[in-house]
Amino acid sequence: MEWKRKHLLGLEKLSLDELNAILTTADGFRSVSTRSVKKVPALRGKVMVNLFFEPSTRTRISFELAGARLSADVINFTGSSSSAKKGECLTDTAKNIEAMGVDILTVRHSSAGAPLQIAKKVNASVVNAGDGAHEHPTQGLLDIYTIRESLQKREKSIEGLKVAIVGDIGHSRVARSNIFGLRTLGAEVYVVGPPTLVPQSLESLGVKVCHDLDEIVPEVDVFNMLRIQLERQDNKMFPSLREYSKLFGLNKQRLSRAKEDAIVLHPGPINRGVEITPGVADGPRSVILDQVSNGLAVRMAVLYLVSGVTEECDGELE
Amino acid sequence: MASSSEAKNKILIRGGHVVDAASGLDGVMDILIEGSQIAQIGPDLEAGDAEVVNAEGLTVTPGLIDMHVHLREPGKAEEETIASGALAAVCGGITSVAAFPNTDPVIDNAGGAEFVVLQAKRAHGANVFPVGAVTQGLQGEQLAEMAGLAEAGAVAFSDADRAIESAEIFRRGLLYARMLKKVVITHCEDRHLRGGGVMNNGSVSVQLGLSGIPNAAEDIMVARDITLAQITGAQLHISQMSTQGSVEGLRRAKARDLPVSGDVTPHHFTLNHEEVKSFDSCFKMIPPLRAEEDVREIKKGLADGTIEVIASGHAPHASEEKDVEFDSAPFGVIGMETLFSVSYSELVLKEGLTFSTLLSKLTTNPAKLLGLYPKRGALKVGSKADISVFDLDTQFQIDSKKLRSKSSNCPFHGKTVQGKAIDVFVGGRPVVRGGEPSV
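See the structure below:
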């Protein structure tokens, strides 16, 4: 298919064909990282800015490296997420940076919708690198890519697969992007956690809400264990980390009741001993480090695809 | 033109379709204004030396009364002043507004209320009546000097967008308001349930990952405040109703003859939370745009009389404040200039509400609640000549940049509506002529 999107703002609106196009393109870039010369000239002469209004290490480094491997010039900008505090409004910052001749902006922001607001005001392509609790599309894509990779070895497909996303789903952009992408690809998605973090209203996204991890462990093909943000504990969203871990943490004993070929993902950084035990994180079912390597290939694919489109397609910014 | 009419002091509004919910007028007739009052109403009146305003093909109504607006003066004159607000009001056919006290400083004493009254006199636009604070500084702790406020011109009391958290303090405020024979206007919201919410809690907030405000935040407070109205006997007015539950609560309370009433804004019966998908902060207000089932119940409440007032909730904000991340933007949208056209287009043209019923919610009913009736809110001989003349037939598109408010945070930009104010008179003074302000 012909790629038509100028921006990647989320996975919600991507069609099955578009998702597959990104995954297939990523296949092509996967091998670049294993060569002795880890570079292709796809984005030579293009400028990419990582516009990060919220602290991030791995996503920023991954985007930076992805840009470098495509031969783009990559600049990093980190700023305070509160435009009011900085005295300059969000779109002014973006337009100023764009005025220096930028082709792609990757945007990370603590407020949902900020990348869309920027995309409405600038000419560059905008790639959402995580906005509030809304979407983190490249994380969703790399999770899906990793799941797909492990399935390919076993000649299975994502359609009909049972995926459990465990943790603070209500406040998670990773969960949302995973849900949107996996649903389009035909997976069955369970969201698991206490009702204070996993509200019943999530069912409107086409997922099954579950508050008992043990109940579904034997049926699940993929466990995606989200990081418990410690500030949620400060907000008294659940009684204690210890109890959370007991109810919703993935340990060896719990995993032993799962299917033999079930795999374990985690978007990182891991709170070892809270949502996942070291034995599981480092164990044979874990594909956590594959996720990180795949992140690079997926981000190269996204940057490559959006950089080839200069006009927004119909409805892209609605 | 203004000076000559002042010299004559007589204006004849000729040949318009006169409609007044209070007096039951509904037909083509003339209205003669003498000085600041209505002198005669009837068919084919003698013009004599009066200036004649031709209203043929137009609809003549009592000037509208908007009982919920924020004019930002004192404190934020760059967003709205009493003068700019009074002008914006008349451009929407509104001749009287109740200005809320959440300014800086708060209108919580007689001096503050007098300032509003004086600025309104200097403004020469709509009548501006101050709403006094219930508690000092809107802190919800110590009652403001409510008698002093009333004496200085306050027509109602409210702690604006802050619900008084202590039921006991609010009970005392209601008792005082009853003594002063004034209505208390409340914003019903439980602060803890609202939390850090920025939009309606529901399927859209789940999809967008924005923090939600549940219906229960409003429903619970409506239930509490109705109980307090019952035990105090004070007149309680629930402003900006947005949920199915609060409409049902008000309906039950009215069935028991409790002294309660309610209003709703045009945006809450025209738009729903789907709008937020654009992340445009012109759709961020408190209470938030709710789900379609709430919108339906509000329309039902308007039709069956449960909700007797429509008010704009006019809340101007500077573009630099609004044009930021959705999370960071302040709550509130403007609405005086679109109050009539949006209400008429949505409720009368689309939903089939009678024009007279719509009019009562914009004139007679708020006038009665604020103690302005029958001097205002009616077309009667001897009433103040606060009169609006509307063109109900011509379609036009709302352009937020062409509004007279100092702010342009309008959620109806681009919407095609009908019902434009052509001529408006405040106390017999022409303030809008031919669709343009004349002051």
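Going down the list, the protein sequences come from chains A and B.
With the numbering used here applied, the first sequence covers 194 to 511.
With the numbering used here applied, the second sequence covers 2 to 440.
Built from N, CA and C at the ideal position, the CB exists for glycine as well.
Neighbour-count burial assignment, residue i, 16 or more Cβ in a 10 Å radius
| i | result |
| --- | --- |
| B:LEU67 | For the sequence presented, residue 67 of chain B should be read as Asp rather than Leu. Per the 10 Å Cβ criterion, buried. |
| B:CYS92 | buried |
| A:LEU423 | exposed |
| B:LYS182 | exposed |
| A:LYS439 | exposed |
| B:ALA168 | exposed |
| B:THR395 | exposed |
| B:VAL382 | exposed |
| A:SER397 | exposed |
| B:MET180 | exposed |
| A:GLY221 | exposed |
| A:LEU309 | buried |
| A:THR250 | exposed |
| A:CYS282 | buried |
| B:GLN143 | exposed |
| A:THR227 | exposed |
| B:CYS189 | buried |
| B:VAL207 | buried |
| A:LYS346 | exposed |
| B:GLU309 | buried |
| B:GLN245 | buried |
Chain-ordered chain B contacts of residue i [CB-CB under 7 Å]
| i | result |
| --- | --- |
| A:ASN282 | Going by the sequence as given, residue 282 of chain A is Cys instead of Asn. Residues of chain B passing the Cβ test: GLU321, ASP324 and VAL325. |
| A:HIS200 | The contacting residues do not exist; A:HIS200 stays about 14 Å from chain B at best. |
| A:LEU298 | Those do not exist, as A:LEU298 stays about 16 Å from chain B at its closest Cβ, beyond 7 Å. |
| A:SER304 | GLU326, PHE327, ASP328 and SER329 |
| A:ARG369 | GLY210 |
Backbone secondary structure at residue i - three-state DSSP
| i | result |
| --- | --- |
| A:CYS282 | coil |
| A:ARG376 | helix |
| B:TYR177 | helix |
| B:LYS403 | helix |
| A:ASN428 | coil |
| B:PHE391 | strand |
| A:ILE362 | helix |
| A:LEU298 | strand |
| A:CYS403 | strand |
| B:LEU59 | coil |
| A:ILE463 | coil |
| A:ASN417 | strand |
| B:ASP21 | strand |
| A:VAL502 | coil |
| B:GLY36 | coil |
| B:MET68 | strand |
| A:PRO411 | helix |
| B:GLY383 | coil |
| A:ASN269 | strand |
| A:ALA277 | Because the pLDDT at A:ALA277 is just 45, under 50, the model does not fix this residue reliably, and the value given afterwards should be weighed accordingly. Note: A:ALA277 maps to helix in three-state DSSP. |
| A:GLN345 | helix |
| A:HIS327 | coil |
| B:GLU437 | strand |
Presumed contact (8 Å Cβ cut-off) between residue i and residue j, rounded CB distance
| i | j | result |
| --- | --- | --- |
| A:VAL491 | A:ARG198 | At roughly 15 Å, the Cβ-Cβ gap does not stay under 8 Å, so A:VAL491 and A:ARG198 are not in contact. |
| B:MET286 | B:HIS315 | That belief does not hold up - the Cβ atoms of B:MET286 and B:HIS315 are roughly 11 Å apart, past 8 Å. |
| A:VAL473 | A:ASN444 | 6 Å |
| B:ASP160 | B:THR136 | 6 Å |
| B:ALA127 | B:VAL390 | No, B:ALA127 and B:VAL390 are not in contact; Cβ-Cβ is about 15 Å, not under 8 Å. |
Under 8 Å from the C-beta of residue i: neighbouring residues of chain B
| i | result |
| --- | --- |
| A:HIS404 | By Cβ distance, chain B contributes nothing, its closest Cβ being about 17 Å from A:HIS404, past 8 Å. |
| A:GLN332 | Ordered by position in chain B, no residue passes the 8 Å Cβ test against A:GLN332, which lies about 13 Å from the chain. |
| A:ARG262 | Correct list: empty, because the minimum Cβ distance to chain B is about 30 Å. |
| A:ARG366 | GLY210 |
Within chain A, partners of residue i - CB distance below 7 Å
| i | result |
| --- | --- |
| B:VAL207 | SER394, LEU395, SER397 and LEU398 |
Contact list for residue i against chain A, beta-carbon separation under 8 Å
| i | result |
| --- | --- |
| B:LEU290 | Within chain A, no residue comes near B:LEU290; the closest Cβ sits about 15 Å away, beyond 8 Å. |
| B:LEU211 | ALA305, GLY306, GLY325, ALA326 and HIS327 |
Contact set between residue i and chain A, taken where Cβ atoms lie within less than 9 Å
| i | result |
| --- | --- |
| B:GLY203 | SER394 and SER397 |
Chain B contact residues for residue i, given Cβ-Cβ distances below 9 Å
| i | result |
| --- | --- |
| A:LEU309 | SER279 and PHE280 |
| A:ARG435 | In chain order: nothing, as chain B lies at least about 26 Å away. |
Contact test: residue i Cβ vs the ligand ZN heavy atom, cutoff 7 Å
| i | result |
| --- | --- |
| A:LYS401 | The model depicted lacks the ligand ZN and carries no ligand whatsoever. |
Runs of beta strand (DSSP E) wholly within the stretch 191-271 of chain B (minimum 3 residues, chain order):
Scanning the stretch 191-271 of chain B from its first residue to its last, the whole beta strand (DSSP E) runs of 3-plus residues come out as 237-240 and 261-265.
Residue ranges of each beta strand (DSSP E) run of no fewer than 3 residues wholly in the stretch 71-104 of chain B, ordered along the chain?
95-100
Quick check on the DSSP output: what are the complete alpha helix (DSSP H) runs of length 4 or more inside the stretch 126-168 of chain B, in order along the chain?
147-152
Scan the stretch 466-498 of chain A and note each continuous alpha helix (DSSP H) run of 4 residues or more that stays entirely inside, going in chain order.
471-474
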